[in-house]
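First up is the structure itself, then whatever we jot down about it.
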Amino acid sequence: LLTRLMVSLRVLVLGYALHGSVAFLPATRSPSAVRRHAAPLTPSQLPAQPRRRHLSMVSSLTPPGVSVPVKAAPPTPEPPATRMDETFPGVVECPMTAWGARDVNLAEERAKPSGEFAPEWNKADVMAADAGEEEELEYFRCLRPTIKTLMAQYGSIVMRGFDITKESDGFLKMYLALGLEPCDDPLQSVAARDAVDKEKGVYEAVNKESRAKYFVGMHNEQVGTRSPRRAAFVCFKPADDGGEFLLLDGRKMLRDLDAEFLDEMYEKQVRFIAAELPLGFLEAVHPKVRDMLEKPMLAMASQAAKKKVDFDIDLQWTKVR
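Sequence positions in the sequence shown follow mature numbering (1 follows the signal peptide of the UniProt record, and there is no 0) and run -23 to -1, 1 to 298.
The structure is reproduced here in structure tokens:
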């Protein structure tokens, strides 16, 4: 996790850490405290972005709101001169993970200002509150030339009150209007997430009864052999209780971590702890028998895990006291 943050400092850790994300949430805000900052730059003030299509993943969450700083006026870009192709290309594999060179000067990076993070834009600020879905799509088309620049600048963008994203078909239309391309869930083989519409690449967050009391902390969206570069998250149905969508500015976290600890993690290239296997029952086994079982059980667990995921796994036997 830390290595990824250091190699690609524009990465956002949000529960899914990417080169940028868009979160579409209900018009009402959560009761959590928010802070207001200055307005972000409009797209016309930013450098032009090449119109390339990047592989991305569409995912869905079910939060009632999000605790992020609130910014003022969102951009009101001009309509594009020509209409880009918005044909759904089908879901493809996510691109291979690209690791950067080990040339990061941690002291310099920690000294840089963080800039603004996760501006919050409301539909009513850019169009009539009763504007239809086609007007909403046109606004997303206007953002297409600069949306990747904006995501790189702010890490994440929170949009509220848009009707077209309230169901999976409209959610996909929004994604294509922005010029993004859905890719498959890298973790589909382990069935961690149910599909809202697998044909369109729309997945639920991890939503299992067995995980009801498990806190899913900040993590990257796959740091193995494949990774989506960008993602969009949407709230189709707010949770009755809890379910908040957490966003973390990875650049700020980089500065807040202990410098000595950060240096050690970077030098050792610590990346990711994939899982913990519940093998505590071995403590009740006779020590000599336990020593005999450890190697074959580790080998069996490694083989089973490699059949379930498409990235490299290195299981190590660690006794936790």
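C-beta: ideal position from N, C-alpha, C; glycine also. Keep in mind it's a predicted model, so treat the numbers as computed, not measured.
Residue i, buried or exposed, once every other Cβ within 10 Å from all chains shown has been counted against 16
i: E158; result: buried
i: R79; result: exposed
i: N82; result: exposed
i: D226; result: buried
i: V103; result: buried
i: M242; result: buried
i: P273; result: exposed
Bridge partners - residue i, DSSP secondary structure assignment
i: W98; result: M136
i: A(-1); result: V135, F210
i: D174; result: V179
i: R203; result: M73
Nearest neighbour of residue i, chosen from the options [CA to CA]
i: C212; options: G147, Y243, F117, E70; result: G147
i: Q130; options: A95, D162, A84, Q246; result: A95
i: E176; options: L292, E55, F65, Q293; result: F65
i: A108; options: A88, F139, E97, K125; result: F139
i: T202; options: C71, D62, E63, P52; result: C71
i: R87; options: D291, A236, H263; result: A236
i: R118; options: A276, D218, D233, E55; result: E55
i: E144; options: K190, A281, F210; result: F210
i: E186; options: D291, E198, N197, D171; result: D171
i: K214; options: N99, A182, N197; result: A182
Residue i and residue j closer than 7 Å at C-beta
i: T142; j: M128; result: no
i: D161; j: Y180; result: no
i: L155; j: R207; result: no
i: K283; j: I290; result: yes
i: T123; j: S204; result: no
i: E63; j: L153; result: yes
i: R267; j: L259; result: yes
Cβ distance (whole Å) where residue i is taken to contact residue j below 8 Å
i: K229; j: S133; result: The Cβ separation is near 12 Å, so there is no contact.
i: G178; j: V68; result: 4 Å
i: T97; j: V135; result: For the sequence presented, residue 97 should be read as Glu rather than Thr. About 4 Å separates the two Cβ atoms, so the contact holds.
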